[in-house]
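Numbering (our numbering), first residue to last: -19 to 289.
Note that the Cβ used here is the ideal one computed from N, Cα and C, for glycine as well.
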């Protein structure tokens, strides 16, 4: 730019500054959420790892599109500082032989370069977190386990299901989603006449983790209830609501045999029972617990035990 010249550039205003602050805050929140996702089991269970990245990408696209639609504004007249501005910190006046000489300040790094570096660092951090999240998500799947380990888990779950059903049964983890369906709400399917049941891979992985670690939370006990439910079906009961009630009563003992502590298992199964009592989903209407599913009710399989289910 020549002395006294005028140039066109984008001049930030209040709206731009506000949008920039929102963008920075949103990035920080979403990246922080991904970090939490990596370390909090509950988040990994209920939230797909790619969801925050999709939201972040959508937000970035929105910011870019809005910025591109805004016209460039004419900048104010800008004149480079001269020797008379030295006392303001723009440069230095030094004595040189029999005269004075103005020494200009060092050339500053262009802001555009700094912004580009910031974007590059941010993109690299997002890519790193995405890779870590994808790897963690992959390692948490049933299919990521070695085949011998999966076979041992299925054999143990088959034995437990046979004990609940009261007869020999077959159990399979539906790795191809042929019966449970990828992304569906179906977590297990039983075919009583054939004596075989299929569990969703996510249920098999939860049960495997309970066997390995001897601990778990809500997701673990829900997986145990699914196994007990399908085992009751294999025992001959076809009514879904009755099967759910009987499965809940089998779940505590089953969870303890798989490795959970008895007090924890009873507390988690009781919470699962109460969630089902409060459920009002039309989709799961067939699984609603009958009114007789209570302590001392007609479906109480242990009427002498006050601890229900």
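So what's residue i in DSSP terms, helix, strand or just coil?
i, result
"residue 75", "strand"
"residue 27", "coil"
"residue 179", "strand"
"residue 173", "coil"
"residue 185", "helix"
"residue 218", "coil"
"residue 287", "coil"
"residue 81", "strand"
"residue 66", "Only weak support is given to the placement of residue 66: the predicted model assigns it a pLDDT of 48, under 50, and the question is left unresolved by the model."
"residue 20", "coil"
By the DSSP assignment, the alpha helix (DSSP H) with residue i in it spans what residues?
i, result
"residue 253", "242 to 258"
"residue 273", "Residue 273 -> no alpha helix (DSSP H), and no H or E assigned at all."
"residue 128", "127 to 145"
Residue i to residue j, Cα distance in whole Å?
i, j, result
"residue 232", "residue 189", "17 Å"
"residue 7", "residue 35", "10 Å"
"residue 1", "residue 265", "47 Å"
"residue 208", "residue 12", "38 Å"
"residue 179", "residue 216", "18 Å"
With a 10 Å radius around its C-beta and 16 neighbouring C-beta atoms as the bar for buried, classify residue i as buried or exposed.
i, result
"residue 183", "buried"
"residue 154", "buried"
"residue 224", "buried"
"residue 173", "exposed"
"residue 187", "buried"
"residue 252", "buried"
"residue 123", "exposed"
"residue 181", "buried"
"residue 287", "exposed"
Opposite residue i in the DSSP bridges: which residues?
i, result
"residue 168", "179"
"residue 153", "179"
"residue 282", "Per DSSP, none; premise fails for residue 282."
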